[in-house]
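Residue numbers (numbering that gives the first Met the number 0): 0 to 645. Where a beta carbon is used, it is the ideal one built from N, C-alpha and C, also for glycine. Since the structure comes first, as structure tokens, the remarks are kept for the end.
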Amino acid sequence: MKYKNLFSKGKIGNLELKNRIVMPAMGTSLASSTGEATQELIRYYEERAKGGCGLIITEITRIDSETGVGTPNQLSAMTLNHIPQLERLARTVHKHDTKIFVQLHHPGRESHGRVINGRQIVAPSPIPCKVCQEMPRELSTSEVEDLVKKFVTGAKIAQTAGIDGVELHGAHGYLIGQFISPYTNKRTDKYGGNFMNRMRFITEMIMGIRSVCGPNFPISVRISGDEFVEGGLNLEGAVKAALYLESIGVNAINVSSGLYESGYTIIEPIAFDQGWKRNLAQAVKNAVKIPVIATDVIRKPDFAESLIAEGNVDFVALGRAQLADPEWGIKAMEGRDEDIRPCISCLHCIEELEGCKTIKCAVNARMGREIEFDGIDKNGEGRTVAVIGAGPSGMEAARVLAEKGFKVVLFEKESELGGMLALGNKPPKKDKLTWLVEYYDIQFKKLGVEVRLNTEATLEALKALNPYAVFVGAGSNPVVPPVEGIDRENVYNVSDILSGKVKVENEKVVVLGAGMTGLETAEYLAVRNNKVTVADMLPTIGAGIYPANLATVMKNFQTHGVNMLPGHRLSKISEGFIELVNTKTNEVIKVEADKVVLSLGIRSNKALVSVLEEHFDKVRVIGDADKPGRIAEAVSAGFEKAYVLE
């Protein structure tokens, strides 16, 4: 076996696990509004169990409906009514020799009054979270004692349902962590002050769980190895907490990091490398004798293997990696690393959740919809399908069509696969996009997809194939504003820059458009010693971009001195400078510019579609040809329309 450590058996307490792969808790919003595990949620977890995961830890599970609501459609363990579906979940996962823990959770101050019917949120102390920006009410001593009982009840409900163990969520700045951390606990009663008092809340929970669930029921505690805020729980404090938790009978420590105020250290954006925080788990592992689980942007099996082999952790927590590919475990066990669909750390999953939607994955359109898309029908019967455009939508359509048994011919006018992915990987720290293109390239070779690079999909070429269907994933044009000087030789589109067709170094460059593409292009230019200015009509730079994705770009902007001009529209391009108009005051300013880069979006071009529809019966329009969007929308469109082709 290629990865002997990763697929060796492990133990948490007396519970034996078939391997060292853990699926950590991630919110889904797939439960019912009353907290039961739905068929969709059960199937979602079953796919990860069937796919080779050793231990699944459920999403944050509610123990209190008054002040403890994390998300509206959240798994719950509060009453006897929650037992039947939890039991069904446990039995389903157990069919695949996978164990399951329920993660018990209360958000504390990291919440909003609107999700608890307008009531004031609560916390150990009246200190607002800088992200949620609501003043919490300090819990009374008796209220804290009542919450302890609710956590204990949650554990007993889980045990009664046949769940194998529980995890107490003391990380990420949630309520348990708020009590542990000196940053958020300023109480003067028995639950605040010195270390032992700050640990009292979780201590009473653990003692209570032991009293009702027995000495052999596994308990894991998730902690932040570092909260990454001044005055917060640091690594020294986390190690001290882990040692104490071990001393009172906890069976495993699950090491994560951060709280909402340092949120990009919890769910890291694309710029974070595998293993960036391995020192946190290593320090805890060096201190305790009980098993250590840890997240660490773990994507590839060889890296997961190295963490265990080097004694960094006992179990690897693969969260988003198993959203992207539920068969991560089986493929790694069989040595098929190249077949693992990679997570690209785009944060689409958490962005959807925070938008009060169900969880989704940008690269796995089935995720969360496993019942709806229940396997791929092999109904292609060798019929030819042409796919035009090898961007995310076209590549996904080609993959699915080939799996269905169609003979797929993929046309791409450029010299490489990927479309905008082949450009999007050029800015700093975007190599995970390359992983995705490489994945498709390998799948095409295995599935027999005929890839025609440097080839226009002309009507004659398509007619020669006599295709059963034509999928159109190419057909968009960059937006070019009608202003004086826009046709000057020093004006370029993003693709000119990121493709390397135009080399720009040590020059003054203005990037027009502060969406993610424009910002990353500016970042690309800035690290090449250009003096870069970003301008946008909107009043803020990066409007609509998920904050964690924006934060890493802004950090680079600060490092490289990128100038930002929100609230300005282009009025004229001249030799050596451009003119911008302030959208509020109408003041005109001049900005020096040797080169100007347009990143003002794209528009669908349906001209090709209209021609094709005159000659072919089945024309399916996907990706930017249908509606410009991000990777998630493109992959989903390609998958769905290929899936239903009969």
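Cut-off 6 Å between Cβ atoms - residues of its own chain near residue i, not counting five sequence neighbours on either side
i	result
Thr70	Gly26, Ser28
Asn448	Here residue 448 is Val; the residue named in the question, Asn, does not match the sequence. Ala397, Ala401, Val407, Leu409, listed in sequence order.
Glu612	Val618
Leu597	Asn492, Leu511
Ala456	Ile387, Phe410
Lys507	Lys530, Glu591, Ala592, Asp593
His95	Ala48, Lys49
Ile630	Ala361, Pro391
Nearest-angstrom Cα separation, counted from residue j out to residue i
i	j	result
Glu369	Val469	26 Å
Glu522	Gly191	45 Å
Val296	Ser344	8 Å
Asp373	Leu537	43 Å
Phe194	Pro181	9 Å
Pro1	Lys8	The question names Pro, yet the displayed sequence has Lys at residue 1. Whole-angstrom Cα-Cα distance: 15 Å.
Asn184	Leu432	41 Å
Leu564	Ser573	18 Å
Glu304	Leu5	5 Å
Cys355	Ile59	15 Å
Glu578	Glu309	58 Å
Met134	Asp188	20 Å
His614	Ile544	41 Å
Phe178	Gly257	15 Å
Ala251	Arg221	9 Å
Gln84	Val501	59 Å
Ala421	Ser498	8 Å
Ala463	Thr454	14 Å
Leu138	Phe227	25 Å
Glu39	Ala641	22 Å
Ser246	Val211	19 Å
Lys3	Gly367	31 Å
Ile349	Arg319	10 Å
Lys49	Phe405	27 Å
Leu317	Ile588	50 Å
Val143	Val249	21 Å
Arg108	Tyr173	7 Å
Element boundaries [beta strand (DSSP E), containing residue i]
i	result
Thr57	54-61
Ala534	530-535
Thr383	383-387
Asn476	475-477
Ile11	9-11
Ile20	20-22
Ala316	314-316
Ile252	251-255
Inter-residue CB distance, residue i and residue j (contact presumed, cutoff 8 Å)
i	j	result
Tyr439	Thr383	Actually they are not in contact, since the Cβ atoms of Tyr439 and Thr383 sit about 20 Å apart, beyond 8 Å.
Pro290	Ile11	6 Å
Thr91	Gly53	Not a contact, Cβ separation roughly 16 Å.
Gly224	Val312	Wrong, their Cβ atoms sit about 11 Å apart, outside the cutoff.
Leu452	Glu415	7 Å
Gly677	Gly622	An answer regarding residue 677 cannot be provided, because it is not within the stretch 0 to 645 covered by the chain.
Val254	Ile307	With 8 Å as the limit, Val254 and Ile307 do not qualify as a contact, their Cβ atoms being about 14 Å apart.
Tyr43	Leu88	Not quite, the Cβ-Cβ distance comes to about 10 Å (not below 8 Å), so this is no contact.
N- and C-terminal bounds of the alpha helix (DSSP H) containing residue i
i	result
Phe638	630-642
Ala157	140-159
Gln102	It is not in any alpha helix (DSSP H) - Gln102 instead sits in the beta strand (DSSP E) that spans 98-104.
Phe470	Where Phe470 is concerned, there is no enclosing alpha helix (DSSP H), although the beta strand (DSSP E) it sits in stretches over 468-471.
Beta-carbon contacts of residue i that lie in its chain and below 7 Å, excluding the five residues immediately before and after
i	result
Ala323	Arg340, Pro341, Cys342, Cys360, Val362, Asn363
Thr66	Ile115, Arg118, Ile120, Val121
Met204	Val147, Phe150, Val151, Leu167
Val652	Absent from the structure is residue 652, since the part of the chain shown begins at 0 and ends at 645.
His81	Gly34, Glu35, Ser75, Ile156
Ile648	The displayed coordinates of the chain run from 0 to 645. Any statement about residue 648 would go beyond what the structure contains.
Gly169	Ile175, Gly176, Ile179, Ile201, Val220, Arg221, Ile222
Glu86	Ala160, Gly161
Gln281	Asn311
Lys583	Gly566
Cβ shell of residue i (< 8 Å), same chain only, five flanking positions each side left out
i	result
Trp275	Glu267, Asp295, Val296
Val610	Leu458
Leu16	Lys8, Gly9, Lys10, Gly53, Leu54, Lys98, Phe314
Short CB-CB distance (under 8 Å) between residue i and chain D
i	result
Gly543	As a matter of chain content, chain D is missing from the structure shown, which is built from one protein chain.
Cβ-heavy atom distance, residue i to the ligand MN, below 7 Å
i	result
Val634	Of ligands this structure carries none, so the ligand MN is not represented either.
Exercise. Three or more C-beta pairs closer than 8 Å, one from the segment 103-111 and one from the segment 231-242: is that the case here?
Worked result: no
For this session: Indicate whether the contact test is met: 3 or more Cβ pairs, each with one atom in the segment 350-364 and one in the segment 594-614, closer than 8 Å.
Result: no
For this session: Tell me, please, whether the segment 198-218 touches the segment 161-180 by the rule of three or more beta-carbon pairs shorter than 8 Å.
Result: yes
For this session: For the segment 117-136 and the segment 37-56, state whether three or more C-beta atom pairs, one from each stretch, are separated by less than 8 Å.
Result: no
Exercise. So does the segment 549-566 actually touch the segment 524-533, counting three or more Cβ pairs closer than 8 Å?
Worked result: yes
Problem set entry | Inter-stretch contact at 8 Å, needing at least 3 Cβ pairs: the segment 16-25 / the segment 310-329 | yes
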